[in-house]
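Undergrad: Residue numbers (the numbering used here): 30 to 519. Below are the structure tokens for one structure; questions will follow.
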Amino acid sequence: MTGASQAAGDCGPGSRGPVLVWFRRDLRLADNPALAEAAGSGRPVVPVYILDETPDCRRFGGAALWWLHGSLRSLGESLESAGSRLILRRGRAGEALAELVRETGASAVFWNRLHDPLPVARDRKIMSGLREGGLDVRSFNSALLFEPWRVSTKSGSPCRVFTPFWRSCLAREFDQPVAMPVLPAAPASWPASDVLDDWELRPTSPDWASGLRAEWRPGEAGAARRLESFLEGARVERYGEDRDVPGQPGTSMLSPHLAFGEIGPRQIVDALAALGPDAERGAFVRELGWREFCHHLLFHNPEMGERNLRPEFDRMPWREDAAALRLWQRGKTGYPFVDAGMRELRTRGWMHNRLRMIVASFLTKHLLIDWRLGAAWFWDSLVDADWANNSAGWQWTAGSGADAAPYFRIFNPVAQSKRHDPDGAYLRTWLPELARLPDRLIHAPWQATESELAEAGVELGATYPLPVVDHSFARQRALDTYASRIRGGS
Ligand code: FAD
């Protein structure tokens with residue numbers, strides 16, 4: 030059994046009441062230790078999901094709510110096929126659980142741990158409250174390969190640099206995934222459940238989710254299909270080469286499935302191990318290592334989503350420029366690579382990692398806008414919104430993070446575009462208004478002549494914007510600001 034439980038008491042022969050299994054960001058049946066342990070007890074199992082929108086918990090953004098709807102529907106169907114049900118409740122999680130305990134006569138509550146500071150604090154309180162009431166409460170690890178307290182520096186403190194962190198992880202044994210359980214007999218009667226559609230998690234008017242529906246299949250089966258196609262299509266074998274080419278499907282696109290726990294990292298590592306050792310597969314597992322590292326950082330720096338990890342960045346004179354922020358959000362900065370990334374985000378609720386770095390660098394360095402505003406936009410727009418990965422990604426790019434890109438690393442959006450999308454395949458997908466420009470001009474349309482633009486049907490300032498800021502000017506402004514306010518310390 031992986032993920033040793035944190036147990037109180039024993040579910041011995043005296044306690045025959047049902048076990049509540051509280052699902053959170055672990056919306057799957059396989060490799061779900063809380064569910065497996067509950068099923069193994071032989072007592073009736075009552076699976077529960079609680080939509081907690083109180084300040085105890087982090088509220089989902091719009092795209093993630095859309096995903097949640099699909100994922101809960103899928104989980105409910107899987108449980109019904111297994112002769113069970115998913116009970117839905119809305120409200121403060123502690124109160125909803127206490128009510129369910131009363132209604133069902135449950136004598137135990139099991140869940141899989143989260144590592145985001147808000148639910149960590151909430152869950153601690155809930156655990157002690159339920160235990161005081163005499164319940165058997167246990168939590169397990171399903172989300173990570175190595176929980177944050179299992180890895181440390183040689184001196185025993187939390188890690189702040191990725192490479193030694195990952196080296197230390199690789200020196201340990203990876204746990205095996207937990208088998209899918211056979212669920213015992215249903216409880217004598219089921220407690221009432223909300224109706225998923227009544228929660229109205231999906232947008233209605235305007236319905237902005239058509240791009241999400243076209244791309245994604247939320248749920249455990251959708252996650253398994255994504256992994257299968259990544260492995261079977263041999264994409265994983267070319268991962269090291271293709272992962273930086275956004276015009277090709279070079280990465281796994283497993284992030285939303287991982288964020289909602291429809292698949293766990295142990296399952297992915299296990300599937301890769303079955304294919305045998307290979308350097309490219311190692312490169313892919315290393316990316317899972319970044320996910321582990323971000324969760325490690327967040328657990329040990331609970332304010333990482335709101336505060337600079339490097340305090341000297343508190344002196345940064347971020348510009349307040351609502352108009353520029355809006356252009357960035359809409360994908361109308363006039364820099365095709367930046368705009369293509371932001372349009373991909375709006376349509377798919379997802380963005381390629383290379384683009385995430387470039388658009389984040391553009392916002393924080395070219396526009397000198399606070400990384401927290403960018404992170405908030407991502408939080409609302411991403412189907413894979415994950416507090417640890419998002420906060421770490423933004424702080425890394427802005428330069429304020431623990432193991433961050435140095436402040437003088439300012440991505441040139443045109444050079445990046447030419448390097449990572451030389452034939453403009455990615456740009457043409459997301460910016461159809463530039464599609465007829467030749468490859469040599471599509472990365473920087475303002476360098477085209479009047480007649481070249483006319484031939485491609487482009488009118489700068491009308492069909493496509495002029496650059497919101499000049500690259501050389503913006504670069505120098507960022508360097509001067511960092512040098513005087515951060516390095517110089519004024
Ligand atoms: P693959 O390349 O196939 O990698 C496999 C898995 O490894 C991913 O699904 C993800 O879980 C993990 N992973 C890969 N790269 C990273 C990384 N740099 N950091 C942490 N984990 C990683 N990822 C999120 O899941 N949610 C976010 O909210 C998020 N916000 C980000 C914001 C910024 C500014 C940046 C620079 C990165 C962010 N990332 C985030 C990390 C990364 O961009 C995505 O995880 C990745 O693009 C997802 O695509 P994939 O599943 O095809 O990744």
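Backbone N, C-alpha and C define an ideal beta-carbon position, used for all residues, glycine too.
Taking C-beta to C-beta, are P275 and L384 nearer than 7 Å?
TA: yes
Undergrad: What does DSSP give as the partner residues of A569 in its beta bridges?
TA: Residue 569 falls outside the range modelled here, since the chain spans only 30 to 519, and no answer is possible.
Undergrad: Which same chain residues end up closer than 6 Å to A427 when comparing Cβ atoms and leaving out the 5 residues on each side of it in sequence?
TA: T393, W400
Undergrad: Would you give the residue range spanned by the beta strand (DSSP E) that V497 belongs to?
TA: Taken as a continuous stretch (DSSP letters only), V497 belongs to no beta strand (DSSP E), as it is neither H nor E.
Undergrad: Between the beta-carbon of V50 and the beta-carbon of A67, is there less than 7 Å?
TA: yes
Undergrad: What's the C-alpha gap between L489 and E481?
TA: Separation of L489 and E481 (C-alpha to C-alpha, rounded to the nearest whole angstrom) is 12 Å.
Undergrad: Would V487 pass as a contact of P467 if the rule is Cβ separation under 7 Å?
TA: no
Undergrad: Could you check whether the region 442 to 456 touches the region 264 to 275, counting it as contact only if at least three pairs of C-beta atoms, one from each stretch, sit closer than 8 Å?
TA: yes
Undergrad: Which residues does DSSP pair with Y78 in a beta bridge?
TA: F52, L117
Undergrad: Under a three-way DSSP split, which group does L338 fall into?
TA: coil
Undergrad: Give a yes or no on contact between the region 433 to 446 and the region 358 to 370, applying the rule of three or more CB pairs nearer than 8 Å.
TA: yes
Undergrad: Any idea what DSSP makes of L466, helix, strand or coil?
TA: coil
Undergrad: So, do the region 107 to 120 and the region 158 to 172 have three or more beta carbon pairs nearer to each other than 8 Å?
TA: no
Undergrad: Can W95 and R231 be called in contact, C-beta distance under 7 Å?
TA: yes
Undergrad: Strictly by DSSP, which residues pair up with L489?
TA: Paired residues: Y493.
Undergrad: When every heavy atom of the ligand FAD is checked, does at least one fall within less than 6 Å of the C-beta of R320?
TA: Checking the Cβ of R320 against the ligand FAD gives yes.
Undergrad: Taking DSSP as the reference, what is the three-state secondary structure of I529?
TA: Nothing can be reported for residue 529: it is not among the residues displayed for the chain, which extend from 30 to 519.
Undergrad: For my contact list, I297 and L317 are in at a C-beta cut-off of 8 Å; report their separation, rounded to the angstrom.
TA: 7 Å
Undergrad: Determine the direct distance from the alpha carbon of A135 to that of P220, and round the result to whole angstroms.
TA: 11 Å
Undergrad: Identify whether V190 lies in helix, strand or coil by the three-state DSSP scheme.
TA: In this structure, V190 counts as coil in the three-state DSSP scheme.
Undergrad: Check for me: the alpha helix (DSSP H) holding D368 runs from which residue to which?
TA: In the DSSP assignment, D368 falls within the alpha helix (DSSP H) that extends over 365 to 377.
Undergrad: Taking the C-alpha atoms as reference points, what is the distance between A507 and F437?
TA: 8 Å
Undergrad: What are the boundary residues of the alpha helix (DSSP H) that includes P285?
TA: It spans 284 to 288 - the alpha helix (DSSP H) in which P285 sits, taken as one unbroken run.
Undergrad: Alpha carbon to alpha carbon, how far is D343 from F259? Give it in angstroms, no decimals.
TA: 42 Å
Undergrad: T426: beta carbon under 6 Å from a heavy atom of the ligand FAD?
TA: Distances between the C-beta of T426 and the heavy atoms of the ligand FAD include at least one below 6 Å.
Undergrad: Counting beta carbon pairs with one atom in the region 87 to 105 and one in the region 125 to 135, are three or more of them shorter than 8 Å?
TA: no
Undergrad: Does the ligand FAD have a heavy atom nearer than 6 Å to the CB of G422?
TA: G422 Cβ: within cutoff of the ligand FAD.
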